[in-house]
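**Q** Residue numbers (the numbering used here), protein chains in the order written: chain L, 1237 to 1693; chain F, 143 to 283. Every residue gets a Cβ at the ideal spot worked out from N, C-alpha and C, and that includes glycine.
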Amino acid sequence: MATNTTHGSWPGERALRGRWVTGRIAPVSSASDSTHRAIDAVWRIEAARLIAGLARLVRDIGQAEELAQDALVAALEQWPQTGVPDNPGAWLMSVAKRRAIDQIRRRERFERKQEEIGRDLETRRDPSEDEFDAVLDSAEGNISDDLLRLVFTACHPVLSTEARVALTLRVLGGLTTTEIARAFLVPESTVAQRIVRAKKTLTKAGVEFDAPVGDELAARLPSVLEVIYLVFNEGYSATAGDDWMRPALCEDALRLGRILAELVPNEPEAHGLVALMEIQASRSRARTGPGGVPILLLEQDRARWDYLLIHRGLRALERATRLGGARGPYALQAALAACHGRARTAEETDWALIAALYRELATVLPSPVVELNRAVAVSMAYGPAAGLELVDALADEPSLKSYHLLPSVRGDLLVKLGRRREAIAEFERAAALTANEPERALLLDRAASCAEVSAAG
Amino acid sequence: MRFIAMVHADERSEAGEMPTEEELAAMGAFNEELVKAGVMLAGEGLHPSSRGARIVHSADKTTVIDGPFAETKELIAGFWILQAKSYEEALEWLKRAPQPAQGEFVIELRKVFEAEDFGEAFTPELQEQEARIRAQAEKNA
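#1: Which bits of chain L does residue 254(F) rub up against, with CB to CB less than 7 angstroms?
#2: Using 8 angstroms as the limit for Cβ to Cβ distance, is residue 1538(L) near chain F?
#3: Per DSSP, what kind of secondary structure is residue 148(F) in: helix, strand or coil?
#4: Would you mind telling me which residues of chain L sit closer than 7 angstroms to residue 184(F), beta carbon to beta carbon, in chain order?
#5: Check whether the stretch 175-192 of chain F and the stretch 1672-1681 of chain L touch, using three or more Cβ-Cβ pairs below 8 angstroms as the test.
#6: Taking only beta carbons into account, state which residues of the stretch 205-221 of chain F come closer than 9 angstroms to chain C, listed in chain order.
#7: Please check if any C-beta of chain F sits within less than 8 angstroms of the C-beta of residue 1280(L).
#8: Tell me which residues share the same chain as residue 1295(L) and place their Cβ nearer than 8 angstroms to its Cβ, disregarding the 5 neighbours each side in the sequence.
#9: With 16 other CB atoms within 10 Å as the buried threshold, where does residue 1435(L) fall?
#10: So who's on the other strand from residue 223(F), going by DSSP bridges?
#11: When burial is assigned at 16 or more other CB atoms within 10 Å of the CB, is residue 1564(L) buried or exposed?
#12: Determine the burial state of residue 1287(L): buried for a count of at least 16 other Cβ atoms within 10 Å of its Cβ, exposed for fewer.
#13: Just checking my contact of residue 232(F) with residue 251(F) at CB under 8 angstroms: how many whole Å lie between their CB atoms?
#14: Using C-beta distances below 6 angstroms, list every residue in its chain close to residue 1320(L), excluding the 5 sequence neighbours before and after it, in chain order.
#15: If you draw a straight line from the C-alpha of residue 219(F) to the C-alpha of residue 246(F), how long is it?
#16: Less than 7 angstroms separating the Cβ of residue 241(F) from some heavy atom of the ligand MN?
#17: Closest by CA to residue 255(F), which one among 229(F), 173(F) and 179(F)?
#18: Just the chain F side, please: which residues come within less than 7 angstroms of residue 1276(L) by C-beta, in chain order?
#19: Note down, in chain order, each residue of its chain lying with its Cβ closer than 6 angstroms to the Cβ of residue 1659(L), except the 5 sequence neighbours on either side.
#20: To which residues does DSSP link residue 253(F) through a beta bridge?
#21: Starting from residue 1297(L), follow the alpha helix (DSSP H) in both directions and report where the run begins and ends.
#22: Under the rule that 16 or more other beta-carbon atoms within 10 Å means buried, what is residue 1289(L), buried or exposed?
#23: Quick check on residue 1494(L) - is its C-beta less than 8 angstroms from some C-beta in chain F?
#24: Along the chain, where does the alpha helix (DSSP H) containing residue 199(F) start, and where does it finish?
#25: Mind listing the chain F neighbours of residue 1273(L)? Cutoff is C-beta to C-beta under 7 angstroms, in chain order.
#26: Are the CB atoms of residue 1462(L) and residue 1485(L) within a distance shorter than 8 angstroms?
#27: Just the C-alpha distance for residue 1608(L) and residue 1629(L), rounded to the nearest angstrom, thanks.
#28: Once you ignore the five residues that flank residue 1259(L) on each side, which residues in its own chain have a CB closer than 7 angstroms to its CB?
#29: Tell me, to the nearest whole angstrom, how far the beta carbon of residue 1593(L) is from that of residue 1611(L); I am working on the premise that it is less than 8 angstroms.
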């Protein structure tokens, strides 16, 4: 995606708009475009560390994020004249720290006036930058710990999933409100509101800027993983809009996943999730044909798969396995994806292993959809009759009542068994259930070709 | 977006000299930073060109020219593959690479081709997509 500085997709836009409504900052000229793009890049790199470090000082991620935004505004004002400093991260942090100290001083002065206490003014010391530095350098932790606190605060259970997603992308991913809004196809104001509300909720609930440890970390990790996988899936199989995929969002999710996996390197499921996303993302290029038509896994041109990502995925899966997490839900899904990733041709696919992995997945993540997938794998490994038996066992499953893939899979197996007349009805039922236009056409096509063969026979 | 950052060779790398302990430590710390930020997809160092070859294809024949090759500074001694949000971000990362104790450390940054880079033929589709996204956002308002 091209960064267009005149259409409000750079990070300081919102901050500037909020403060200089009348336009004290001149419209971005093309001469300063390159500086703005450089500031954009610095922000992308530094935002999370900046916010995390500040949050440790002020113990509030909302306030920390605002201070970081203030520093960004200062950069947008000064860097076009001075150029980007050698250590931009330190520059931003130092500006933000000064703002934090000013705020604290103002607040204290105000409180003192309110209380009309003047006599100890001389003896009371203002917080100094040195003291802040001491907090930052203290044994309380390093930047990784701060980032971990940031992750768990942004994904705190008091927040709705939507709020967690928006806040995580904003503070950890360094995405602008505009970028988040575009990614989820909602108006910018909706995202802005979600973030404001999320910050308020955290403050109101008295959520400490902290990361859980031990068992509690393990217990809260799934909610973090869920947020990241949700972002990935929104990019990989967009639920909203007409685009089959939004690769930039997949990349954002992958990046968040990789960051998280390094923050909690001993948590197998974090590596499992990364493995799953890397391997799924490896197929991005092969998943659509001309005109954006979806191409199913077994029909994809494997030469178009991204073997660097497959390799990274397999390595992440090994890490999860070494940590004893081979049976985690994400690791199992990654192992399933890996079965396809390892097969050089569709015919080489190890369907027996896939069927066995689905059986395991069904025990840790029981779901009729997993069971349906298992049926497909079983049919590939042991023949259509064995698969049909499993599919028929799902016939009365209420959650699959309007799931078009149930009749679609059943129709497919019936065709393989030569029961074409029955298959027609299944394909037609599936076509009636799907909301996806290309898919409906495909299913009706299959029904029609069954009818032809039946008539001919 | 994906980028390749190619480290240029120098006399030492071409002579097959290993980096010093300090250099390795500095590079290790930089790589760790890249990995922790989720931007480094791969990175490797290369043997000198004396252990490599050039394979030259022409219309009627294929020739193999064994190294070493003369133009040391034009040769490659290593590379990173990075994933970044923009060209500027990749550039900003590489500006943070360790500085050499002596001489020059030259890194060449290049963007890897992606679907949207393939010429103007792609543009109408992208514009259409842009329009769809905007329309959808309004619909969801």
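**A** So, to answer that:
#1: Simply none; closest approach about 10 angstroms.
#2: For residue 1538(L), no Cβ of chain F is located within less than 8 angstroms of the residue's own Cβ.
#3: Residue 148(F) sits in a strand when the DSSP states are folded into three classes.
#4: Residues of chain L passing the Cβ test: 1544.
#5: No: the two stretches stay apart, fewer than three of their Cβ pairs being nearer than 8 angstroms.
#6: Of the protein chains in the structure, L and F, none is chain C.
#7: Under the Cβ distance rule, residue 1280(L) counts among the residues neighbouring chain F, one pair being separated by less than 8 angstroms.
#8: So the qualifying residues of the chain are 1444 and 1445.
#9: Looking at its Cβ environment, which holds 16 or more other Cβ atoms inside 10 Å, residue 1435(L) is buried.
#10: BP columns for residue 223(F) point to 146(F) and 184(F).
#11: Buried: at least 16 other Cβ atoms inside 10 Å.
#12: Buried is the call here.
#13: Contact between residue 232(F) and residue 251(F) holds, since their C-beta atoms are separated by about 6 angstroms, short of 8 angstroms.
#14: Taken in chain order, the residues that qualify are 1274.
#15: Cα to Cα, the separation comes out at about 13 angstroms.
#16: The ligand MN is not part of the structure shown, which contains no ligands of any sort.
#17: Of the listed residues, the one whose Cα sits closest to residue 255(F) is 229(F).
#18: Here the neighbours are 228 and 230.
#19: When the five nearest sequence neighbours on each side are left out, the beta carbons in the same chain lying within less than 6 angstroms of the beta carbon of residue 1659(L) are those of 1647, 1650, 1651 and 1686, in order along the chain.
#20: For residue 253(F), which the question treats as bridged, DSSP gives the partners 145(F).
#21: Counting along the chain, the unbroken alpha helix (DSSP H) around residue 1297(L) starts and ends at 1297-1318.
#22: Only buried fits residue 1289(L), as 16 or more other CB atoms lie within 10 angstroms of its CB.
#23: Taking Cβ atoms only, chain F reaches closer than 8 angstroms to residue 1494(L), which makes this a yes.
#24: For residue 199(F), there is no enclosing alpha helix (DSSP H); the enclosing beta strand (DSSP E) has its first and last residue at 195-199.
#25: Result: 228 and 230.
#26: It is not a contact, given that the beta carbons lie outside the stated cut-off.
#27: Rounded to whole angstroms, the gap between the alpha carbons of residue 1608(L) and residue 1629(L) is 10 angstroms.
#28: Note that residue 1259(L) has pLDDT 33, beneath the 50 cutoff, so the model's placement of it is unreliable and no number is given.
#29: Contact between residue 1593(L) and residue 1611(L) does not hold, since the beta-carbon distance rounds to 14 angstroms and is not under 8 angstroms.
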